[in-house]
Every structure is written in C-alpha cells, then in structure tokens.
Amino acid sequence: MGTEHLIQIRRDLHRIPEIGFQEFKTQQYLLNLLNQFPEHRLEVKTWKTGIFALVKGTNPQKTIGYRADIDGLPITEETDYDFSSEHPGFMHACGHDFHMTIAIGILTHFVKNPISDNVLFLFQPAEEGPGGAEPMLNSDIAKEWKPDIITALHIAPELPVGTIATKPCLLFANTSELFIDLKGKGGHAAYPHTTNDMVVAACSLVTQLQTIIARNIDPLDSAVITIGKITGGTVQNIIAENARLEGTIRTLSVESMEKVKERIEAIVKGIEIGYSCKTMIDYGSMYHQVDNDEMLTREFMEYISDQTSYDVRECTEAMTGEDFGYMVDQISGFMFWLGVGSPYGLHHAKLQPDESAIGVAVDIMCKYISYKANQ
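Every position in the sequence shown, counted from 1, becomes a number in our numbering once 7 is added.
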C-alpha cells in the first residue's frame, strides 16, 4: 500500500472522530479495509468497537503485537483542512487517525509479505477515556491470541519527521481523573449566615490540594494535581449550594499515586467538617504507568539506529497518561514517540501533524517486526 493511499486513509479517518466506545463509523471503516484481504492470511474479530486482526505467520513460534488506539476527543477542530471533522465538537486531536493509518500500513505489508511469526494488531477503543486497554486485554479474544511482545507508538508534534524518541523503563506517568462534588446549603446572598457556601468551600479546597505536592511528596519524586474546571452556583445573588471540581492527578510511581489520593481524601474530609457540607470523590478513569521493557527497548533503539537512517533519541519520562500501560504491565513491550513536526501540540484544536511521518513509522515497524520474527 503506497504512501498516497495511506494518507487518504488518514484523511478519511480524520473526518469521522468518535469518542470512547462510540467508534462505530471508525470500526466499520477499518473493517471495510481489512475485509479486502484474503482470509487465509488475515483473521479478524471484533470486540465492542475495537478490532483484533491476526496476520498469520508461515511457521509461527510467537506472536508479535501492535496496538493502535482509535478514538477521538471532544474538541472543536480549528484547522484549515479540507478534510476536517464532519462530527461537530469532535476531533482527532491526539493523532489517533495517524496511529490507525500506520497500523493499516504495517498490516498490509505483512499480509503481502509473510513472515514466520504471527503479527496481532489491536485497534483499541476508548484510550482517551474511560479506558479500553485493560478490558480489551482481558477479553477472551486477547487471551486466545495473547502476544508474546507488544509495541505501540504515539505521535510527538514537538519532534521533527524522521525522529523517534523513547527510553527504557518508565516512559509515561500514572494518571487518574479527579472529580469532587460539594453539597452545602444555598440561600439569599443577603443572609450568608443561614447558608453553607460551596463556592467558598471549593476555593479553599483548591488551595489546600496544591499543598499535597509541595508538602507531602518527596521533592526528588514528581507528581501533579491540576484542577482544570470548577462549577458552582446558579446566579450572582444566590449563595451556591453545590460546587464541583474536575481535575487530574499524575505521578511517576504507584506509591506516590496512593499517597496523593490518601491526602486528597483527608483534606476533603476536613472540608466536609469545616464547612458543614457533604462531599463525594470520584477518581474516574485511571491509567497505569507505561513501563517500557528495558531489554526490548534498548534492542529496538539500537536496531533502528544501526539499521536505518532515522534519528533515534533517548527522551525523559513524561507526565502524559496512556492506557497502553495496562498492556505492558501484562506483556513485555514498549512505546515510542514518533516525530510529526507540528507547531501545535497534542489535544490542540489546530494540531496538524506532517503526513510524511506515516511512511516513516510504517518503514520502522516493518523492519523491526521482521527482525524480531527472525530471532
């Protein structure tokens, strides 16, 4: 499959972004592509809105896995593409249209150019939430076709095309959503003494939450608590009976995540007592850290550096969340950053990755998977 054909696939997918477990058009588009291949070379099974596609090896001794996430984001696109999103309020602003297209390119290569080992492609839904990796990996299909190693990539707008970056061991952080609801007693603004103001309680809570990082986490460790959204009240002259905080937690260790949550719960309990209100905490979606297999990652970096002309860099760990972490927690594997040279970053409404990076990624992964199959 030529680069021009892959670019057209990427553009088709870019037009139809869908959020987690609602990727119905996306799944059907991918199935239409996969169903063009002969059944004796490719076996396809669906799981919810995801897809397992097994390219059969000629004499399989192992199965090499490759994962591509398929969901979009609830972001209104602001690019000048003539193939921009046809779904108002949704966009492929994290590069999953690239991820799917690259997977199709790799799959096509191995269908047409058989190798000894099986190659399993996991088109995974709901990476952006509520999290599709863990349940997909626990499905009966995954247990039947469980790969021996697994790989994935993520586009990196800040890196130029022709560059990849990764590192052994910890690459991405543990992450958890955070939702805190406060319920007090509303009333007229002229009679504050008869109420329990949840706007005041929420403001106090936000301030106190920031002390967790400063005073409860080892300064040589790293953690983040961000409250990105606060809602409360109804109009300007009524004291708010309800307030809601929405945010995220990110840590570089499981222990730190447990400590942060322990402190959040203690502080929220104090708010409940101090402001005579009721509270509820919901941690929403939680993603396990992406812990790259050290041996496989070093081998991959050395192979690509020695056998290709691409620029291979060792990066530092990031506070980015990725539910691929659940997969490498159960299967030896790694993820790497793929340079796509965009002036706008991930989750930005104007993200415009360079499409020439698609061919780079397909070339890298076809070479590497063929190399692994010959071991």
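We put the beta carbon where it would ideally sit given N, CA and C, even for glycine.
If we ignore side chains and look at the alpha-carbon of each, how far apart do residue i and residue j end up?
i    : j    : result
T327 : F179 : 5 Å
L185 : I288 : 7 Å
R17  : T218 : 44 Å
M143 : D225 : 35 Å
N125 : H47  : 13 Å
V261 : N181 : 7 Å
F307 : H161 : 16 Å
M98  : T33  : 13 Å
L189 : N381 : 59 Å
I36  : H106 : One detail in the question is off: residue 36 reads as Tyr in this sequence, not Ile. Each residue's Cα considered, the two are about 15 Å apart.
G340 : Y378 : 15 Å
P121 : E265 : 46 Å
T465 : I365 : The chain is shown from 8 up to 382; residue 465 falls before or after that span and cannot be answered.
P95  : D19  : 16 Å
S123 : D155 : 14 Å
A209 : H355 : 28 Å
L177 : F331 : 12 Å
L353 : S229 : 21 Å
Taking residue i as part of the alpha helix (DSSP H), name the residues at either end of that continuous run.
i    : result
G332 : 332–337
C210 : 205–223
A287 : One detail in the question is off: residue 287 reads as Met in this sequence, not Ala. Looking at the DSSP string, M287 is not in any alpha helix (DSSP H); the run it does join, the beta strand (DSSP E), is 285–289.
G235 : Unbroken run through G235 is the beta strand (DSSP E), 230–239; no alpha helix (DSSP H).
E141 : 140–144
E151 : 147–151
G193 : No alpha helix (DSSP H) contains G193, which DSSP labels as neither H nor E.
E11  : 10–21
T201 : Where T201 is concerned, there is no enclosing alpha helix (DSSP H), given that its DSSP letter is neither H nor E.
V118 : 103–119
I77  : That residue, I77, is in no alpha helix (DSSP H); it is neither H nor E in DSSP.
A380 : 363–380
Please list the terminal residues of the continuous beta strand (DSSP E) segment that includes residue i.
i    : result
L129 : 125–131
E262 : That residue, E262, is in no beta strand (DSSP E); its alpha helix (DSSP H) goes 261–281.
L61  : 57–62
G352 : Premise fails: G352 is in no beta strand (DSSP E) and is neither H nor E.
D318 : 318–321
I162 : 156–163
N39  : That residue, N39, is in no beta strand (DSSP E); its alpha helix (DSSP H) goes 31–41.
E50  : 49–54
L252 : 249–258
T173 : 170–173
Give me whichever residues DSSP pairs with residue i in a beta bridge.
i    : result
V297 : F179
T70  : N125
M326 : In DSSP, M326 forms no bridge with anything.
E184 : T255
Can you find the residues in the same chain that come closer than 6 Å, C-beta to C-beta, to residue i, ignoring five residues on each side of it along the sequence?
i    : result
S283 : N203
K153 : none
E30  : T56, I77, D78, P132
T86  : K357, Q359
R270 : I219, N223
S91  : E84
M372 : I113
Check the C-beta distance from residue i over to residue j and give it rounded, since I have them as a contact under 8 Å.
i    : j    : result
L61  : L127 : 5 Å
I246 : G281 : At roughly 17 Å, the Cβ-Cβ gap does not stay under 8 Å, so I246 and G281 are not in contact.
P175 : G27  : No, P175 and G27 are not in contact; Cβ-Cβ is about 30 Å, not under 8 Å.
T238 : A250 : 7 Å
Output needed for residue i: all residues of its chain with C-beta closer than 8 Å, excluding positions within five of it in sequence on either side, in chain order.
i    : result
A172 : A163, L166, V319, R320, E321, C322, F343, W344, G346
M8   : I111, G112, T115, H116
P81  : I26, G96, F97
Under 7 Å Cβ to Cβ from residue i, same chain only, skipping five residues before and after it: list those, please.
i    : result
K192 : T202, N203, E248
E388 : Since the first and last residues shown for the chain are 8 and 382, residue 388 lies out of range.
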